[in-house]
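Trainee:
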Amino acid sequence: MEAARRALAPSALAVASLALVAGCSATNPYTTLEGYQPGDTEVVNLGSVQVASLAVFTEAEGEPGALVARIVNSSPDEQSVTITSEAPSSVDETFTVQGDTTLAVGPDEDTTTTIASVAERPGETITMTVTSGDTTEEVTVPVLTGNFPEYATLVPTPTPTPTPTPTATPSTTAAASPSSAGGVTPTGPGPVVTDEVEESPSVTSTPRTLSPSGSATG
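Under the working numbering, residues 7 to 224 are what the sequence shown spells out, in order.
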C-alpha cells in the first residue's frame with residue numbers, strides 16, 4: 007500500500023503541472039498566435055529632449071511612408087530637433103518644440119513628415135540620426151505596417167492620380183453660302199458671266215423709186 011502511494015505521488019505532481027501550464031495558455035495566448043510585429047519603436051534621450059515612439063509606417067516596400075514620433079521638451083526653453091536619414095529612404099526634417107510641451111509627429115498630428123518611397127520592407131530598419139543642440143544620437147528605426155488596428159491610422163494614404171480631362175476639338179466652320187441678292191458670286195478665276203446679250207448688226211433697207219418709164223431704180 008505504501009509503495010502504491012509513493013508511485014502515485016509523482017503522477018499527481020505531473021498532472022498538477024500540466025493543469026498549471028494549460029491554465030496559463032488559456033489566459034495568455036502564445037505570441038505566435040497573436041501575430042508579432044517585428045521590432046519596436048525607439049526612444050532617444052538628448053538631455054532635456056526625448057524622442058519617443060520613433061518609427062516609420064508604410065503599406066509595403068516602395069510605397070510612401072510616414073515618420074512617427076513624440077518629441078518631449080522638458081525644459082522651459084524652446085528646442086530644435088533634427089531627424090535625418092540617407093537615401094533612398096531619405097529624411098531631413100527639423101522640428102521646433104516649445105518649452106515644457108510635446109510635439110506629435112505623424113498623420114493627422116501636430117506635424118506630418120512623409121517619405122516619398124520607403125526602400126525597406128516592413129520588419130526591416132532604417133538608420134537615422136537625431137540631433138538636438140550639441141547632442142547627436144544614431145538610432146535604428148523600425149519600419150512597421152498598418153496590419154494591426156492600433157497602427158492602421160499611422161500609414162499614409164496614397165494620393166490619387168488625377169484623371170486627365172479630354173480636350174474638346176474645335177469644329178470646322180462651314181463656308182458662307184453665296185448671297186442671293188447679288189446673283190452668283192465667283193469663288194475663283196474664270197470667265198465672268200454677265201446678263202448682257204450681244205446684239206446682231208441691224209439691216210438698213212434702201213427705198214426704191216420709180217423712173218418715168220416705169221422701171222424701178224435704186
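From the three backbone atoms N, C-alpha and C, an ideal C-beta is built for every residue, glycine too.
For clarity, every value in this text was computed on a predicted model and none was experimentally measured.
(1) So, at 7 angstroms on beta carbons, what are the nonlocal neighbours of residue 76 in its own chain, with the 5 sequence-adjacent residues on each side left out?
(2) How long is the line joining the alpha carbons of residue 99 and residue 88, rounded to whole angstroms?
(3) Excluding the 5 residues flanking residue 106 on each side, which residues of the same chain have their C-beta closer than 8 angstroms to its C-beta?
(4) Assuming residue 53 contacts residue 152 under a Cβ cut-off of 8 angstroms, what Cβ separation, rounded to an integer in Å, is found between them?
(5) Grouping DSSP H, G and I as helix and E and B as strand, with all else coil, what is residue 148?
(6) Helix, strand or coil, according to DSSP, for residue 158 in the structure here?
(7) Which value, in whole angstroms, describes the spacing of the CA atoms of residue 187 and residue 172?
(8) Are the CB atoms of residue 70 and residue 122 nearer to each other than 8 angstroms?
(9) Report yes if the C-beta distance between residue 146 and residue 131 is below 8 angstroms; otherwise report no.
(10) What residue from 129, 156, 160 has the CA that sits closest to residue 117's CA?
(11) So is residue 154 buried or exposed if we call it buried at 16+ other beta carbons inside 10 Å?
(12) Name, in chain order, the residues that DSSP records as bridge partners for residue 234.
(13) From residue 136 to residue 143, what does the alpha carbon distance come to, in whole angstroms?
(14) Kindly indicate the opening and closing residues of the beta strand (DSSP E) around residue 79.
Mentor: Here's the rundown:
(1) On the sequence shown, position 70 is the one that residue 76 refers to. Taken in chain order, the residues that qualify are 58, 59, 108, 110.
(2) Working through the sequence shown from its first residue, we reach residue 99 at position 93. Working through the sequence shown from its first residue, we reach residue 88 at position 82. So the alpha carbons of these two residues sit roughly 6 angstroms apart.
(3) As a first step, residue 106 must be located in the sequence shown, where it is residue number 100. Within the same chain, and ignoring the five residues on either side of residue 106 in sequence, the residues whose Cβ sits closer than 8 angstroms to its Cβ are 79, 80, 81, 82.
(4) Numbered from its first residue, the sequence shown carries residue 53 at position 47. Numbered from its first residue, the sequence shown carries residue 152 at position 146. That belief does not hold up - the Cβ atoms of residue 53 and residue 152 are roughly 33 angstroms apart, past 8 angstroms.
(5) What you label residue 148 is simply residue 142 of the sequence shown in a count that begins at 1. Looking at residue 148 - three-state DSSP - the assignment turns out to be strand.
(6) Here residue 158 corresponds to residue number 152 of the sequence shown, with the count starting at 1. Helix.
(7) If you number the sequence shown from 1, residue 187 lands on position 181. If you number the sequence shown from 1, residue 172 lands on position 166. Bear in mind that the predicted position of residue 187 carries a pLDDT of just 48, short of 50, making it unreliable; the figure below should be weighed with that in mind. Approximately 44 angstroms, taken between the alpha carbons.
(8) For this step, residue 70 is matched to residue 64 along the sequence shown. For this step, residue 122 is matched to residue 116 along the sequence shown. Cβ distance < 8 angstroms, so residue 70 and residue 122 count as in contact.
(9) Along the sequence shown, one-based indexing puts residue 146 at 140. Along the sequence shown, one-based indexing puts residue 131 at 125. Yes.
(10) The count along the sequence shown starts at 1 and reaches residue 117 at position 111. If we check each option's Cα against that of residue 117, 160 comes out closest.
(11) As a first step, residue 154 must be located in the sequence shown, where it is residue number 148. Around the beta carbon of residue 154, fewer than 16 other beta carbons lie within 10 angstroms, which makes this residue exposed.
(12) With the chain represented from 7 up to 224, any question about residue 234 goes unanswered, as that position is not in the structure.
(13) Within the sequence shown, numbered from 1, the residue matching residue 136 stands at position 130. Within the sequence shown, numbered from 1, the residue matching residue 143 stands at position 137. Put simply, the backbone Cα of residue 136 is about 5 angstroms away from that of residue 143.
(14) One-based indexing of the sequence shown puts residue 79 at position 73. Taken as a continuous stretch (DSSP letters only), the beta strand (DSSP E) holding residue 79 covers 71-79.
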